[in-house]
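Below: the structure, in C-alpha cells.
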Amino acid sequence: MKSNLITKWPEKAANRSMLRAVGFNDNDFIKHQVGIASTWSNVTPCNNHINILSKAVEYGVNKFAKATIFNTITVSDGISNGNLGMKYSLLSREIISSSIETVCNAQSFDAIISIGGCDKNIPGCILGMCRLNLPSIFIYGGTILPGKNRTDIVSVFESLGKYYSKKIKEKDLLEIEKNSILGSGSCSGMYTANSMAIAAEVLGISIPNTSLQNAQSINKILNCINSGKIIFNLLNKKIKIENIINYNSIINAIKVISLLGGSTNCILHLLSIANCLKLNISLKDIKKISNNLPTISDLKPSGVFFISDLINCGGIQKFLKFLLEIKLLDGDCLTVTGSTLSENLKNVKNNYINKILKNINFPLKKTNQIKILFGNLAKNGCISKISGKEGEVFLGKSKVFNSEEESIEFIYKNKIYKQTIIVIRFEGPKGGPGMREMLTPTSALIGVGVKKDIALITDGRFSGGSHGFVVGHISPEAYDKGEISILLDNDLIMIDTINNNILFFVNKKKIDLRKKFFFNYSKISFGILNLYRKMSMDSSVGANFAYE
C-alpha cells in the first residue's frame, strides 16, 4: 500500500502519532487510506451541500477502508460572471487539480474520491485524479431544481437585458432575481456542470446512473455511501484512472455531449484531460467525430426542458444503451464498477425516446449544435454552438471591442444594427488572462431582443447557458497576434456552420499592413493571473497549464 509511507510500524511512529490526533485508531493503520476531496463552499449553491455529501462518502468508505476528508476551492461562475472575477474561473480548474494532486501525494493516499458541483470543479477534480493515477471515483453534487415559473440563472441574466431595453419593470426584475434560484445544486439546464457530469459518467469514472440526480435527494446520498464499496473494489482489482480514461472513452463522451447539445466548455475540458494523459486528440478529430451527429435533446439553454425533467423521464441510461446497440459507442471501455460500459448496461432497456430526447432518425436538428470551425480568422480552430433556430450561416460586419466590459456597455446603451457581428477579443487564456465566459453579453443580446439578427465571436469562452449565433475559443487568440487582433469595425465576416468555416474578407496586403501596427490591449495581470498568462496553453488544446 502506498499509505505504508505514513502508517508502517515502527518506522512511521511519528507520522502515526499525528494521525491519532485526528481520529485514527490502531485498526486504521492497516487499512487502505482513501482521500475524499470536497469542493464544499458557501460561495455558491452548486457546492453549499457538498459537506453533507462528503460525510456520506466518509461513512461509506469507513466500512471498508479509512477515509480522510480534505477541501479544495471553488469559484462560482454565476456570481463571477460579467466582472473581473470571471478571470479566475478557468484558472480555478488548475488550482483544484493541483491542490488535489498536492494533498493526495503528500498524504500518500491509496485512492481518491472527489466531489464537485460548479462548472470547473468537475474537470478540476478529474484532472487532479488523472495526475495521481490512483483508483478513483468522481461524484457529482447534482442539479438544482427550477425556480418559480420554471426560471433559472440564465433567466435572470436575460431579464437584465429586458430591463435595460424597458421590456420589463424594476419590480419584475427583482421578482425574477428572488425566485429563480432556490436550494442547492448546479445550474439546472444542459449547461457546463450537468454536461460535464454526464461526460464523467460516460468516461467511466462516475458510478452508473448518477450523473443525473437532483442535488437534494436521497438517491444522491445513497450514491455517496455506495462509493465506499466501489472504491474498495477498485483498490483490490488495482484499477486506476489510466485503465478507465483512454482515447475511446473520451470519444464516447464527445459523442454523447454532442448529441445532447452540451456545453462548448466540455470540448475545452475533454481536450485538457486528453492532454494530461498524453492522449492524441485534437480539435480536428472532434470535428470529424461530431460533424455528422444530429441534435436530439430539447434541453435548455436553446430547448425548453431542465435536467430535472430528464431525471423524471428516467435519465440517460436507456439512451446510452441505444447508442451501444447502434454501435455509436465503444462498449468495451472499463468503468469504476470494474465492469465495462456494455456490461453495466446489460439489463437496461433501450426505449429511450421521450418528450426531451427525440428519435435519432427524427431529430430536432439534423446536424450537431457544437461545430468546430476553421478558417483565416481561426487557423487553430474555434467552437460554435448553433441551435439552428438562428440559421446556420451568418454574414455581417464587425463591431470590435477589446474587453467584455466595453461590449456590455455598448449593448445596453446603443441600438445595434442587424447583421452585426460583435467581436470581443483579448479575453483568451493569456489575453484576459483567464478566458472569461461571455454569458452576460450573450444574455444581454437576447434580453434586448436581437438574438436572431446579431452574431458574437470571441477568443474567450461561453457559459453552457449561452445561446444564439455565438462562436468562441478563437485561436490563435488576440494576445498571441491571431487574426482576431487585427479586425477593424465594418470588416466583413462569414460564419458558416454548414461547411465549418469562419472567414474575414480582407486582402493579404491589408492584413500584412495591419499586423505591423499590432497593439496589445490586454490589461496588466498580477498575482496568480500573471502565472496563468505565463503558463496557460492554447485553447485549442485545452487551455491548461503547460507543466512540461
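Residue numbers (the numbering used here): 722 to 1269.
Cβ coordinates follow ideal geometry from the N, Cα and C atoms, glycine included.
Bear in mind the structure is a predicted one, so any value in this text is a computation, not a measurement.
Beta-carbon proximity of residue i to residue j, cut-off 8 Å
i: VAL1121; j: LEU1209; result: yes
i: ILE1129; j: LEU1177; result: no
i: ASN769; j: SER907; result: no
i: ILE1017; j: LEU991; result: no
i: GLY1149; j: TYR1200; result: yes
i: CYS1273; j: ILE1223; result: As displayed, the chain neither begins before 722 nor continues past 1269, which places residue 1273 out of reach and without an answer.
i: VAL923; j: ILE897; result: no
i: ALA1264; j: LEU989; result: yes
i: LYS1202; j: ASP1174; result: no
i: PHE830; j: VAL755; result: yes
i: TYR1253; j: PRO1154; result: yes
i: THR864; j: ALA936; result: yes
i: GLY838; j: ILE771; result: yes
i: PHE1027; j: GLY882; result: no
i: ASN954; j: GLY1059; result: yes
Length of the line joining the Cα atoms of residue i and residue j
i: ASP893; j: ILE972; result: 44 Å
i: SER932; j: ILE994; result: 18 Å
i: GLY682; j: LYS1048; result: Since the displayed the chain opens at 722 and closes at 1269, residue 682 lies outside it and no answer follows.
i: LYS1008; j: VAL977; result: 14 Å
i: PHE1115; j: ILE800; result: 32 Å
i: LYS942; j: LYS1255; result: For the record, residue 942 in the displayed sequence is Ile; it is not Lys. Approximately 41 Å, taken between the alpha carbons.
i: SER1303; j: ASP1212; result: Past the edges of the chain, shown from 722 to 1269, lies residue 1303, and the structure says nothing about it.
i: ILE821; j: GLU1111; result: 42 Å
i: LYS950; j: TYR780; result: 11 Å
i: ASP1233; j: GLU1204; result: 10 Å
i: SER1196; j: PRO766; result: 33 Å
i: GLY1096; j: SER759; result: 42 Å
i: LYS1229; j: ARG871; result: 51 Å
i: GLY1193; j: ASN1251; result: 22 Å
i: GLY982; j: ASN957; result: 38 Å
Reference residue i, options the options, closest by Cα
i: VAL1191; options: GLU1198, ALA1199, ARG1182 and CYS1054; result: ARG1182
i: SER1261; options: ILE902, ASN1071, LYS1151 and SER1119; result: LYS1151
i: ILE757; options: LEU943, GLY906, MET911 and GLN828; result: GLN828
i: SER880; options: ILE1219, PHE1238 and GLY1168; result: GLY1168
i: PHE1225; options: ASP1233, ILE1219, ILE1232 and MET1215; result: MET1215
i: LYS1134; options: ALA1165, CYS987 and LYS1086; result: ALA1165
i: ASN986; options: GLY1117, PHE750 and ILE843; result: ILE843
i: CYS997; options: TYR1268, ASN969 and GLU1204; result: TYR1268
i: GLN934; options: GLU1064, PHE953 and GLY862; result: GLY862
i: PHE791; options: SER927, VAL778, ASN1251 and ILE946; result: VAL778
i: ASN804; options: ASN1012, THR1163 and GLU1158; result: GLU1158
i: TYR885; options: HIS753, LYS729, GLY1170 and LEU1160; result: GLY1170
i: LYS776; options: ILE860, ILE919 and PRO929; result: ILE860
i: LEU980; options: LYS958, ASN957, TYR809 and ILE1010; result: ILE1010
i: ILE1207; options: ASN1221, TYR1242, PRO1162 and LEU726; result: TYR1242
i: LYS1039; options: GLY1024, ILE794 and ASN1065; result: ASN1065
i: MET807; options: GLU1126, LYS1136 and PHE1266; result: GLU1126
i: SER938; options: SER1029, ASN915, ASN1097 and THR760; result: SER1029
i: THR1179; options: LYS958, LYS1070, PHE1131 and SER1124; result: SER1124
Contacts around residue i, its chain only, beta-carbon distance under 8 Å, and the 5 residues preceding and following it disregarded
i: CYS1034; result: ASN1075, LYS1076, ILE1077 and LEU1078
i: ASN969; result: ASP1051, ASP1053 and CYS1054
i: ILE926; result: ILE847, MET850, SER857, ILE858, PHE859, ILE962, ILE965, ILE966, THR1056 and VAL1057
i: ILE751; result: THR728
i: VAL1025; result: ASP1019
Residue i (DSSP reduced to helix, strand or coil)
i: SER762; result: coil
i: LEU1209; result: coil
i: GLY754; result: For the sequence presented, residue 754 should be read as Gln rather than Gly. It is a strand residue.
i: HIS1188; result: coil
i: SER1196; result: strand
i: GLY1102; result: strand
i: ILE1223; result: strand
i: ASP1217; result: strand
i: LEU774; result: helix
i: PHE1247; result: coil
i: LEU1050; result: coil
i: VAL875; result: helix
i: ASN935; result: strand
i: VAL1114; result: strand
i: ASN792; result: strand
Sequence-distant residues of its chain with Cβ nearer than 7 Å to residue i (five each side left out)
i: ILE1107; result: GLN1090, LYS1092, GLU1113, PHE1190 and THR1218
i: ILE874; result: GLY799, SER901, ILE902, CYS908 and GLY1186
i: GLY1052; result: LEU1045, THR1061, LEU1062 and SER1063
i: GLY1036; result: ASN930 and LEU933
i: ILE1249; result: LEU812
i: ALA1099; result: ILE1195, SER1196 and ILE1223
Cβ shell of residue i (< 6 Å), same chain only, five flanking positions each side left out
i: LEU848; result: SER818 and CYS997
i: THR913; result: ASP840, SER984, ASN986 and GLY1185
i: LEU774; result: ILE836 and CYS945
i: ASN1080; result: ILE1074
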